[in-house]
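Using this note's numbering, you'd call the opening residue of the sequence shown number 125 and step up by one each time.
From the three backbone atoms N, C-alpha and C, an ideal C-beta is built for every residue, glycine too.
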Amino acid sequence: MEHPENDSKYIGLTVNGGVAQPPVVNPYMHKRPRRKPLPPASELVEGILKGDVTTLSRAVTLVESLAPDHYAVAQEVIEKCLPHSGNSRRIGITGVPGAGKSTSIDVFGLHVLKQGGKLAVLAIDPSSERTKGSILGDKTRMEKLSVHPDAFIRPSPSAGSLGGVARKTRETIVLCEAAGYNNIFVETVGVGQSETAVHSMVDFFLLIQIAGAGDELQGIKRGIMEMADGIVINKADGDNIGPAQLAQAQYRSALHLFPPTTSGWMPEVLTYSGYYELGIPEVWEMIDRYFDFVRGNGYFDEKRRQQARWWMFETIDEQLRKHFYDNPDVKARLDAAEAEVLANRRSSFAAAADVLGYYFNR
125 MEHPENDSKY
135 IGLTVNGGVA
145 QPPVVNPYMH
155 KRPRRKPLPP
165 ASELVEGILK
175 GDVTTLSRAV
185 TLVESLAPDH
195 YAVAQEVIEK
205 CLPHSGNSRR
215 IGITGVPGAG
225 KSTSIDVFGL
235 HVLKQGGKLA
245 VLAIDPSSER
255 TKGSILGDKT
265 RMEKLSVHPD
275 AFIRPSPSAG
285 SLGGVARKTR
295 ETIVLCEAAG
305 YNNIFVETVG
315 VGQSETAVHS
325 MVDFFLLIQI
335 AGAGDELQGI
345 KRGIMEMADG
355 IVINKADGDN
365 IGPAQLAQAQ
375 YRSALHLFPP
385 TTSGWMPEVL
395 TYSGYYELGI
405 PEVWEMIDRY
415 FDFVRGNGYF
425 DEKRRQQARW
435 WMFETIDEQL
445 RKHFYDNPDV
455 KARLDAAEAE
465 VLANRRSSFA
475 AAADVLGYYF
485 NR
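Structure, rendered in C-alpha cells:
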C-alpha cells in the first residue's frame with residue numbers, strides 16, 4: 125500500500141496530537157447516593173400531622189409499595205393516623221373519557237379553596253396492560269391547582285386493581301385527612317368496574333357527562349347513574365348550550381324511573397362549562413345541599429360505617445388471594461394444572477378443584 129506521507133519532501137512536517145479526549149465515563153459523575161433509610165412510623169406520623177407535604181408523599185409511596193417490609197410500617201402509620209381522620213368531605217368524580225374530568229377538577233378545586241381549607245386530589249391513572257407502566261399525566265391538566273400551596277395532587281397508577289382504582293386509595297385518604305386536608309377528590313379512570321370501589325370510599329359521587337354521549341353508554345348508563353348523587357353536563361357553552369340542556373332534561377326524566385335512593389336524596393342534574401368556568405358555584409351549591417341533607421337524616425355517618433365494613437371484607441378477599449398465589453407449593457401445582465388444561469387432558473373446573481382442594485386440606 126502506498127504511503128505518500130512518507131515521501132522525503134514531507135520530512136519537515138509534524139502532526140499535532142490534538143486535544144486530549146475525555147474518558148468515556150464522566151469523571152465528574154459521582155456514585156448515586158443511597159436512598160435514605162426508611163424512617164420509623166412515629167416520625168412519619170409526626171410529619172403528616174404537621175402537614176408536611178414531603179412526609180405525606182413519602183408515606184403514600186410507602187402505602188402503595190408492594191414490599192413486605194414496607195407493608196408493616198405502612199399499616200402502623202395508618203393506624204396511628206386513623207384517630208385524626210374522618211373530618212373531610214370525600215367526593216368521587218367519574219365520567220366518560222373526554223368528558224373533561226381533570227379540567228373540571230382544576231376549576232372545582234380552586235372554587236373549594238377560595239372557601240378556605242385544603243384539598244387533596246387522588247387521580248387514578250390507567251396502567252398499561254402490556255408494560256404495567258403509567259404516564260401519570262393527569263396533573264398536567266390541573267395547571268392552576270397543581271401550583272396552589274393548599275392543594276396536594278397525587279396521581280397513582282391503577283395497576284389493574286379493581287378495574288382502575290389504585291389498591292391503596294382508601295388508606296391514602298386517611299393519611300391526607302390526618303395531614304389536614306378537609307376536601308378529598310378521587311378521580312376515577314373512567315367508566316367501568318372502578319366506579320363501584322370509588323363509590324365505596326366517598327361521601328358524594330359526581331358523574332360528569334357530555335351532551336351526545338348517551339348512545340355509546342346505553343349498556344352501562346343505568347348502573348352508574350344509580351350510584352350518582354349528582355349528574356353534571358360539561359361543555360355547556362357556545363353552540364353546545366342547547367344540546368347540553370336537552371341532555372339535562374333527558375337525564376332528569378331517566379332519574380325519575382329509578383327506585384328511591386337509600387339516602388332519600390333525589391340526585392340533581394346541572395349544566396356547566398369547566399373550560400369557561402361557567403356554572404361552577406351552582407354545582408357546588410348542589411353538593412353543599414347534599415351534605416346538609418345526609419347529615420340531617422343521619423345517613424352520612426351510617427354510610428361511612430358501611431364503607432368501613434365493606435373495605436374490611438375487601439381487604440380480607442385481597443389478602444386471601446395474595447396468600448394463595450404466593451404459596452410456592454400452590455404455584456407448582458398451578459403450573460402442572462395449567463399444562464394439563466392447555467393439553468386438553470383435564471377440564472378447567474376439575475383442575476381448579478384439585479388445586480383448591482390441596483390448598484384447603486394441606
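DSSP places Thr218 in the strand class (E or B) of the three-state scheme. Assignment of Ala368 by DSSP, reduced to helix, strand and coil, places it in the helix class.
The Cβ-Cβ distance between Met349 and Pro383 does not fall below 9 Å. Taking all protein chains shown into account, Leu480 has fewer than 16 neighbouring C-beta atoms within 10 Å of its C-beta and is therefore exposed. Secondary structure of Glu401 (DSSP, three-state): coil. Unbroken beta strand (DSSP E) stretches of 3 residues or longer found wholly inside the stretch 381-465: 392-395, given in chain order.
Collapsing the DSSP output to three states places Ser209 in coil. Where Val356 is concerned, the enclosing beta strand (DSSP E) starts and stops at Gly354 to Asn358.
A distance of 9 Å or more separates the beta carbons of Ala352 and Leu370. The stretch 300-311 makes contact with the stretch 199-215; the number of CB pairs closer than 8 Å reaches 3 or more. Residue Ala244 holds the alpha-carbon nearest to the alpha-carbon of Ser280 among His272, Tyr305, Ala244 and Val271. With 16 or more other CB atoms across the displayed protein chains lying within 10 angstroms of its CB, Ala275 is buried. By the CB criterion at 9 Å, Asp327 and Arg428 fall inside the cutoff. Annotated as distal: Phe309 and Ile172, with beta-carbon spacing of 9 Å or more. Taking C-beta atoms as the reference points, Val465 and Tyr483 fail to come closer than 9 Å.
Using a 10 angstroms sphere on the CB of Ser324, the tally of other CB atoms reaches 16 or more, which defines it as buried.
Only residues of its own chain outside the window of five on either side were considered, and among them Leu243, His272, Asp274 and Ala275 have a CB closer than 7 Å to the CB of Leu237, listed in chain order. Judged by their CB atoms, Gly219 and Asn358 are nearer to each other than the 9 Å cut-off. Sixteen is the threshold: when 16 or more other Cβ atoms of the shown chains lie within 10 Å of the Cβ of Phe232, as they do, the residue is buried.
CA-CA distance, Leu246 to Ser471, rounds to 43 Å. Counting the other CB atoms within 10 Å of its CB gives Leu269 a total of 16 or more, which places it among the buried residues.
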